[in-house]
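Notes follow once the structure below has been shown.
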Amino acid sequence: MRVIVLGAGVVGVTTAYQLANARHDVTVIDRQDGPALETSFANAGEVSFGYCSPWAAPGIPMKAMKWLFMKHAPLILRPKIDRAMVAWLVQMLSNCTSKRYAINKSRMLRLADYSRISLAEVRSETGIEYDERMQGTLQLFRTQQQLDASAKDVKALAADGIPYEVLDRDGCIRVEPALAHVRDKIVGGLLTPKDETGDCFKFTNALAAKAAELGVHFDYGTTIKGLDVEGERVRAVLTEKGRLNADAVVVALGSYSPLLLKQFGIRLPVYPVKGYSLTIPIVDASRAPESTIMDETYKIAITRLGDRIRVGGMAEISGYTNDLGQARRQTLEHSVTDLFPGGDVTRASFWSGLRPMTPDGSRSSVRRRLPVFFSTPATARWAGR
371 MRVIVLGAGV
381 VGVTTAYQLA
391 NARHDVTVID
401 RQDGPALETS
411 FANAGEVSFG
421 YCSPWAAPGI
431 PMKAMKWLFM
441 KHAPLILRPK
451 IDRAMVAWLV
461 QMLSNCTSKR
471 YAINKSRMLR
481 LADYSRISLA
491 EVRSETGIEY
501 DERMQGTLQL
511 FRTQQQLDAS
521 AKDVKALAAD
531 GIPYEVLDRD
541 GCIRVEPALA
551 HVRDKIVGGL
561 LTPKDETGDC
571 FKFTNALAAK
581 AAELGVHFDY
591 GTTIKGLDVE
601 GERVRAVLTE
611 KGRLNADAVV
621 VALGSYSPLL
631 LKQFGIRLPV
641 YPVKGYSLTI
651 PIVDASRAPE
661 STIMDETYKI
671 AITRLGDRIR
681 VGGMAEISGY
691 TNDLGQARRQ
701 TLEHSVTDLF
711 PGGDVTRASF
721 WSGLRPMTPD
731 GSRSSVRRRL
741 PVFFSTPATA
751 RWAGR
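Okay, so the sequence shown: first residue is 371 according to the working numbering, each after it adds one.
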């Protein structure tokens, strides 16, 4: 079968690789000049199978009101006349109940465990390297209130059989020795030891090379104009360079997927939520992290990627914008230097990306009446934190 994959981010490239392994004729189309140059480029580096939670959680509406007035706010809302934004926010608020949180969290954990197995298989098959580490994620609590509130996550992890460990201050330092320098700033943590870290950009580029060896054709620098649909059949993908006939199409355009699909009556519940990151060279390894730390106060992830620290986070709801706000950089610098001052922030590279987020945190991966599949990650794990 001739399959066209739209999008050369981590999801599109991984999809193309698996389709080629199944002996399909695959073409990948992307507007950028290479793979992983948008949301997959410089996200936080978490590959967090245990630490994955819906953003829609009990108490979030009240916390959001407080965050909006914080200097180093994890949430930034720029209201505008945008029906899609309003609809998405309303749906998200409807999921901020204990019942919905438990359902969505369990669903995410089951999918994450499947993803863990699949990633291990790809790594074993290909031997690719991407600054990966398998040392877990430490959710770090600065207050006793944060530690107590983690009970709902512990309950969900236990229910789904996900390994975890609740740590006191000394336990956190055992896992992340550099925290000894700031022991008075922390009270405890929640460790999910099966979690991993890695450079999404390196992974995607390495896997794209393997996919090309299997016969996948990559058509970079090509703008997608639309789809040629006849009845319930997709005949072709329309691009600025012409048309490409297809038996099936996979839409893996991240936040931009809804813009393409809405013309066919497919209302994908995805909205862009901007995240920011800094990539910092390490100058003092004794004050750098070993794996991923999630700073619960600022909702920022701090990750070791080889000889670099990647710090990423925040949620800016502002539509399809890519500007780099300097206030966001200051928040990232504050979080990382407060805990792990082993990097040279003066030489850091600053980046932003648009996370494709659903209101309940669930992944959108389904086939509708057309032979069009769409695959959109929605949890920010290697998707744009």
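Idealized CB from N, CA, C, for every residue including glycine.
Output the distance between the C-alpha atoms of Gly601 and Ala671, rounded to the nearest integer angstrom.
-> If you draw a straight line from the Cα of Gly601 to the Cα of Ala671, it comes to about 46 Å.
Going along the chain, which residues of its own chain have a beta-carbon closer than 6 Å to the beta-carbon of Thr496, five neighbours each way excluded?
-> Here the set comprises Lys580.
Under a three-way DSSP split, which group does Lys555 fall into?
-> Helix, per DSSP.
Outcome for Thr716 when other beta-carbon atoms lying within 10 angstroms are tallied against a minimum of 16 | So Thr716 ends up on the exposed side.
With a threshold of 16 other CB atoms inside 10 Å of the CB of Thr467, please say whether the residue is buried or exposed.
-> With fewer than 16 Cβ atoms within 10 Å of its Cβ, Thr467 is classed as exposed.
To the nearest angstrom, report how far apart Ile532 and Leu407 are at their CA atoms.
-> Cα to Cα, the separation comes out at about 33 Å.
Under three-state DSSP, which class holds Glu502?
-> In the structure shown, Glu502 sits in coil (DSSP, three-state: anything other than H, G, I, E or B).
What distance in whole Å lies between the Cβ atoms of Tyr471 and Ala426, which are believed to be in contact at a cut-off of 8 Å?
-> Between Ala426 and Tyr471, the beta carbon gap of about 7 Å places them in contact (Cβ cut-off 8 Å).
CA-CA distance, Val620 and Val492?
-> Taking the straight line joining both Cα atoms gives about 20 Å.
Roughly how many angstroms lie between the CA atoms of Leu508 and Gly635, to the nearest whole one?
-> The alpha-carbon of Leu508 is positioned some 42 Å away from that of Gly635.
Just grab the DSSP bridge partners of Asp395 for me.
-> Partner(s): Arg372.
Could you say which of Ala454, Gly695, Pro424 lies nearest to Leu481 if we only look at CA atoms?
-> The option with the nearest alpha carbon to Leu481 is Pro424.
Starting from Gln509, trace the beta strand (DSSP E) both ways and give me its first and last residue.
-> Residue range 507-511 is occupied by the beta strand (DSSP E) that includes Gln509.
DSSP on Lys433, reduced to helix/strand/coil?
-> DSSP places Lys433 in helix when its eight states are reduced to three.
Which whole runs of the beta strand (DSSP E) in the region 427-481 are 3 residues long or more, in chain order?
-> Counting only runs of 3 or more, we get 445-447.
Which of helix, strand or coil does DSSP assign to Tyr421?
-> DSSP places Tyr421 in coil when its eight states are reduced to three.
Minimum C-alpha distance to Lys433 - residue among Leu702, Glu666, Phe571 | In this structure, Glu666 is the residue among Leu702, Glu666, Phe571 with its C-alpha nearest to the C-alpha of Lys433.
Span of the beta strand (DSSP E) around Ile594 | Judged by DSSP secondary structure, Ile594 falls within the beta strand (DSSP E) whose first and last residues are 594-600.
Can you give the Cα-Cα distance for Ser328 and Val640, rounded to whole angstroms?
-> Absent from the model: residue 328. The displayed extent of the chain is 371 to 755, so no value can be given.
Among Gly682, Met664, Pro659, Arg486, the one whose alpha carbon lies nearest that of Gly676 = For the residues Gly682, Met664, Pro659, Arg486, the minimum Cα distance to Gly676 belongs to Pro659.
Can you list, in chain order, the residues of its chain whose CB lies under 6 Å from that of Thr593, leaving out five sequence neighbours each side?
-> Same-chain partners within the cutoff: Arg401, Glu610.
Could you tell me if Ala697 is buried or exposed, where buried requires 16 or more neighbouring beta carbons within 10 angstroms of its beta carbon?
-> That one is exposed.
Going by CA-CA distance only, name the one from Ser732, Ile652, Asp518, Gly558 that's closest to Ser719.
-> Of the candidates Ser732, Ile652, Asp518, Gly558, the one whose C-alpha sits nearest the C-alpha of Ser719 is Ile652.
Please report the Cβ distance between Leu560 and Ser520, rounded to the nearest whole angstrom; I am assuming they are in contact, meaning their Cβ atoms lie under 8 Å.
-> Here Leu560 really is in contact with Ser520; their C-beta atoms are around 5 Å apart, less than 8 Å.
Can you find at least 3 beta carbon pairs, one from the region 686-696 and one from the region 383-396, that sit closer than 8 Å?
-> No contact exists between the region 686-696 and the region 383-396.
At least three beta-carbon pairs within less than 8 Å, the region 535-547 to the region 568-587 | No, they do not touch.
Between the beta-carbon of Gly568 and the beta-carbon of Val417, is there less than 9 Å?
-> Yes, the Cβ-Cβ distance between Gly568 and Val417 is below 9 Å.
Out of curiosity, what's the CA-to-CA distance linking Ala753 and Asp554?
-> Note that Ala753 scores a pLDDT of 44, beneath 50, so its modelled location is shaky and nothing firm can be said.
Would you identify the three-state DSSP class for Ile636, choosing helix, strand or coil?
-> DSSP places Ile636 in coil when its eight states are reduced to three.
Could you give the residue range of the beta strand (DSSP E) that holds Ala671?
-> Residues 670-675.
Determine the direct distance from the alpha carbon of Val396 to that of Gly585, and round the result to whole angstroms.
-> Distance between the alpha carbons of Gly585 and Val396 is about 8 Å.
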